[in-house]
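Everything on this sheet refers to the single structure shown next.
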Amino acid sequence: MKKIGTLVLLISLILGSCGEKEKKKYLPESIGAINSLAVVMDNELWEGKVGDRVRQHFAAPVLGLSWEEPLFTINQMPPKVFSGSILQTRSVLFVAQDTLSLAHIKTDVYATPQKVGVVKGSTDEEIISNLDSKADEIIEAFKEVEIQESQKRFLKSLSKETVLNDKLGITLSLPSIYKVGKQENNFIWIDRQIQKGSMNIIAYDVPNNYFKNDSTFVKDIVAMRDSIGKQYIPGPDVPGKTTFMMTEKAFAPYVFPVEISGRKAAEVRGIWEISGYPMAGPFLTYIINDDKNNRKVVIEGFVFAPATEKRDDMFQLEAILKTVKFTDIEK
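Take the sequence shown: its position 10, counted from the start at 1, is 8 in the numbering used here, and no numbers get skipped.
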């Protein structure tokens, strides 16, 4: 009888684990354009001050772009419309008036990968308070899942180019459409042509002690970028002028502490311009500590595409730059 009981228990465990696997498999793949967001809330809330606060957070201008573009392209709908294939939207925000007061993030509720932000309150003021307290965290979760989706899409066809590893001891997961345009000393310039311009990635390194102190950090970043631009990134030919890429003079770039490839780094966002010529666009730079090799590695993405929206192009460059890995070759 003990053997029979043991056998029954084993079969139950096996069937139970199979059931769990089936449940996991049941979730469909998430869908949607990169940086699209389904906001599920009643129309009355959307048209009032709660909706205003949602837009304030989730349609805020992306930092460092040539003109204002929202963090997310929002598709608002009442709960009764949120059904069918729309349930599979990758990033979803639920906002509702309820007896419960809460704000949290759920993962893979209707599809995978998926992030669902849920904000509730009994009054408009309570909803807004909960929204304010959790918005940054929800935005970060949405951005992370969108970065992962962007990377998933370009990982299907990667470049086999090894110049970054050969010269700088780093690798990037580069879509095969990107081509090496220039390599000099420890400077590499990789780009791809798009409909009205180009998307570009540059990489180089500087000594570990390049930045003297915190009080001049932003000024030193600008000096570094301008020096590299003058040396390696020329602008159009203009009689009697030397044109080159530099950091826009009118506004200081935004600088944030981040971690890239498990290392301390600085994220820099701003606008580049061409000295002596009317050209400009957004850039994103990561300055990454590489103490083992007594240096800092700089990787940057920038877009040239006059009179076009650039949010999604810059987002793809960010997704690429965040794949950086160090091969730990001693310099």
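Don't be surprised by glycine CBs; every beta carbon is placed ideally from N, CA and C.
Predicted, not measured: the structure shown is a model, and the values here were computed from it.
{"Asked": "Buried or exposed (CB count within 10 angstroms, at least 16 for buried), Ala305", "Found": "exposed"}
{"Asked": "Backbone secondary structure at Gln54 - three-state DSSP", "Found": "helix"}
{"Asked": "Distance between Tyr24 and Pro251 (C-alpha atoms, nearest Å)", "Found": "46 Å"}
{"Asked": "Close beta carbons around Asn207, own chain, < 8 Å, minus the five adjacent residues each side", "Found": "none"}
{"Asked": "Close Cβ partners of Thr110 (< 7 Å) along its chain, the five nearest in sequence each way excluded", "Found": "Leu25, Glu27 and Ser28"}
{"Asked": "Rounded straight-line distance, which links the Cα of Lys320 to that of Phe140", "Found": "16 Å"}
{"Asked": "Coarse secondary structure for Gln314, derived from DSSP in three states", "Found": "helix"}
{"Asked": "8 Å contact criterion, which Leu172 and Leu156 should meet: CB distance rounded", "Found": "6 Å"}
{"Asked": "Beta-carbon separation (whole angstroms), Leu63 vs Pro276, contact threshold 8 Å", "Found": "Wrong, their Cβ atoms sit about 18 Å apart, outside the cutoff."}
{"Asked": "Inter-residue Cα distance where the pair is Glu124 and Leu43", "Found": "13 Å"}
{"Asked": "Ser367 versus Ile168, Lys118, Tyr230 and Asp310, residue with shortest Cα-Cα distance", "Found": "Since the first residue shown for the chain is -1 and the last is 329, residue 367 is missing from the structure and cannot be characterised."}
{"Asked": "For Ile192: DSSP bridge partner residues", "Found": "Gly195"}
{"Asked": "Presumed contact (8 Å Cβ cut-off) between Thr71 and Leu98, rounded CB distance", "Found": "The pair is not a contact, with the Cβ atoms about 29 Å apart (cut-off 8 Å)."}
{"Asked": "Contiguous beta strand (DSSP E) assignments of at least 3 residues, all confined to the region 176 to 239", "Found": "177 to 182, 185 to 192 and 195 to 205"}
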